[in-house]
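Asks: Supplied in structure tokens, the structure appears directly below.
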């Protein structure tokens, strides 16, 4: 690891293997966009409501943005924090950054001062790209606040509006084309946010070659081509949006449909109107579709594949029986490896497993506490290595030492089991070791909230756990030992908002106790608390 590249390389023997097998090519994402624009210039690349943009337009606009940003003083390798939602401008800007050899730091518009400030400090970001008209927060004000607090931030870039002292995307689109840098295929392409357990941000360095390998494997698994119409209703700048929708579409000339939100009515309407063939979603989306009259009345017959992760057998069976949608299990992470169930797998296998890895060079181990492989069929920690799985996080030496095995396998923190089904090894996810809350697909770090809440004057001790929810999967519950009068839910929410915490992370229930349960080694027993809140919710529903 060097100052120029503050994250580990793959071991040279592995890198050579990936190059020799063709898993790592010699091209970049920006070059692939130009190639696809040449092959399918008039093919619709992106749909956003009533707006459409062709591959030729997308390539031309991305090139103009790249030239404009470099002309304004940004340099190849500079980090740019991105806060823009599911609109066409997000993808135009994303490709523009990549063509300029700038590094998108894929944040979310929901993130607030605390989260984005941490990203700027960690990466030394030189620019901040925001969606000026995002309706749920004043992002121009946030950008101004951050620019005043971080010397590294030199430029604010706005989509769909303007900000004081910033440059609008429309201005950049008018920039004449010019020479662009030629990054190496093994250079850093983007930084994704980890869904891990620590409160401080962990950034995932994705290279051009590994992202393209990931995208090609996904497209090949499902046979994507220029007739494919892939929709994404979850945040498109998340790794799933980039790796399982945007980039596979780029490689094949497919169309990306951006849904503004993950509402069943919106999704059903887009599927019917655009004849969507593929979508990746989470259990929350599956639940909403099943409970929606709009989904039941819409023509969803074009939707050949709905990849749901994590899904429940009940949801999968109901999607097929009630809506005629074949739900396929999928499991993945920003750090790399993706698994999914084959289309032709038996129904029980599709509904109870997450399938098989999508690339032949993916390697999987299931480990015990001593990092030895468990007996086949036993539960252990899932670990993986492969051509699109990272060998280490960005600027995180200490964490890398425990998050990866000595021979480079990433320890996911998820509990898994291998199943030999007719000679093929399928995997199921049996739980997790990691201490986070999965709220509708957004990972909320318990440690982050606990470190803030314990500073509240009315809180002596606190433990944050996920409580089960039929729609979102989990919501945040805070167990509090008070100091004096117990704080209310509103007290804690207001306190966290003043600390700059995003609204989706706020506790949605507070349980007050005189003490917290502990294990034999005197650590708070999160297992006991999760069981406690699950039992209370079950009793309340009776």
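Residue numbers (UniProt numbering): 1 to 542.
Don't be surprised by glycine CBs; every beta carbon is placed ideally from N, CA and C.
(1) Write down the C-beta distance between residue 414 and residue 432 rounded to the nearest angstrom, noting that I regard them as a contact closer than 8 Å.
(2) Any idea which residues DSSP pairs residue 477 with across the strands?
(3) Could you name the residues of the same chain whose beta carbon sits closer than 7 Å to that of residue 18, not counting the 5 residues immediately before and after it, in chain order?
(4) Comparing C-alpha positions only, which one of 232, 233, 246 sits nearest to residue 216?
(5) Residue 358 and residue 218 - do their beta-carbons sit closer together than 9 Å?
(6) Buried or exposed for residue 335, going by 16 or more other Cβ atoms inside 10 Å?
(7) For residue 607, count neighbouring Cβ atoms within 10 angstroms of its own Cβ and tell me buried if that reaches 16, exposed if not.
(8) Taking a contact to mean a Cβ-Cβ separation below 9 Å, would you say residue 390 touches residue 409 in this structure?
(9) In angstroms, rounded to a whole number, what distance separates the CA positions of residue 521 and residue 527?
(10) Determine the DSSP secondary structure at residue 155, reduced to helix, strand or coil.
(11) List, from N- to C-terminal side, the beta strand (DSSP E) runs of 3 residues or more that fit wholly inside the stretch 326–363.
(12) Please confirm whether residue 166 and residue 158 have their CB atoms less than 9 Å apart.
(13) So residue 190 and residue 154 are in contact, right, with Cβ under 8 Å, and what is the actual spacing, rounded?
(14) Look at the alpha carbon of residue 272 and the alpha carbon of residue 307, and state the distance between them as a whole number of angstroms.
(15) What is the rounded straight-line gap between the Cα of residue 472 and the Cα of residue 140?
(16) For the alpha helix (DSSP H) containing residue 534, name the first residue and the last one.
(17) Quick one: is residue 78 buried, meaning 16 or more other Cβ sit within 10 Å of its Cβ, or exposed?
(18) Classify residue 427 as helix, strand or coil using the three-state DSSP reduction.
(19) Thinking C-alpha only, which one of 68, 275, 106, 238 is nearest residue 255?
(20) According to DSSP, what are the bridge partners of residue 128?
(21) Have a look at residue 354 and residue 312 and give me their C-alpha separation to the nearest angstrom.
(22) Please classify residue 368: is it buried, with 16 or more other beta-carbons within 10 angstroms of its beta-carbon, or exposed?
(23) Just to confirm my understanding: we take residue 517, look at its own chain, exclude 5 residues before and 5 after, and list those with CB closer than 6 Å. What are they?
(24) Relative to the alpha-carbon of residue 448, which residue among 506, 97, 483 has its alpha-carbon at the smallest distance?
(25) Quick one: Cα of residue 382 to Cα of residue 444, how far?
(26) Can you tell me which residues form a DSSP beta bridge with residue 410?
(27) Alpha carbon to alpha carbon, what distance is there between residue 136 and residue 67?
(28) What are the boundary residues of the beta strand (DSSP E) that includes residue 442?
(29) If you reduce the DSSP assignment to three classes, tell me which class residue 516 lands in.
(30) Nearest-angstrom Cα distance between residue 330 and residue 441?
(31) Mark residue 201 as exposed unless 16 or more other C-beta atoms lie within 10 angstroms of its C-beta, in which case mark it buried.
(32) Under DSSP, the beta strand (DSSP E) around residue 497 begins and ends at which residues?
(33) Using the Cα positions of residue 171 and residue 182, report the straight-line distance between them to the nearest angstrom.
(34) Are the CB atoms of residue 426 and residue 372 nearer to each other than 9 Å?
(35) Note down the Cα distance separating residue 542 from residue 88, rounded to an integer number of angstroms.
(36) Apart from the five residues just before and just after residue 178, which ones in its own chain have a Cβ nearer than 6 Å to its Cβ?
Replies: On the basis of the coordinates in this document:
(1) 5 Å
(2) 465, 509
(3) The residues are 24, 361, 387.
(4) 246
(5) yes
(6) buried
(7) For the chain, the structure presents residues 1 to 542; residue 607 sits outside this window and is missing.
(8) no
(9) At residue 521, the pLDDT of 42 sits below 50, so the modelled position is not reliable; the number obtained from the coordinates is stated separately. Each residue's Cα considered, the two are about 14 Å apart.
(10) In the three-state DSSP reduction, residue 155 falls in the strand class (E or B).
(11) As far as the stretch 326–363 is concerned, its whole beta strand (DSSP E) runs of at least 3 residues are 327–333, 336–340.
(12) yes
(13) 20 Å between Cβ atoms; not a contact.
(14) 18 Å
(15) 30 Å
(16) 526–541
(17) buried
(18) Reduced to three states, the DSSP call for residue 427 is strand.
(19) 275
(20) 81, 156
(21) 11 Å
(22) exposed
(23) 525, 528
(24) 506
(25) 21 Å
(26) 384, 404
(27) Approximately 31 Å, taken between the alpha carbons.
(28) 442–445
(29) Coil at residue 516, not helix or strand.
(30) 13 Å
(31) buried
(32) Premise fails: residue 497 lies in the alpha helix (DSSP H), 489–498, not in any beta strand (DSSP E).
(33) 24 Å
(34) Result no, Cβ atoms of residue 426 and residue 372 do not sit closer than 9 Å.
(35) 46 Å
(36) Excluding sequence positions up to five before and after residue 178, its CB lies within less than 6 Å of the CB of 67, all in the same chain and listed in chain order.
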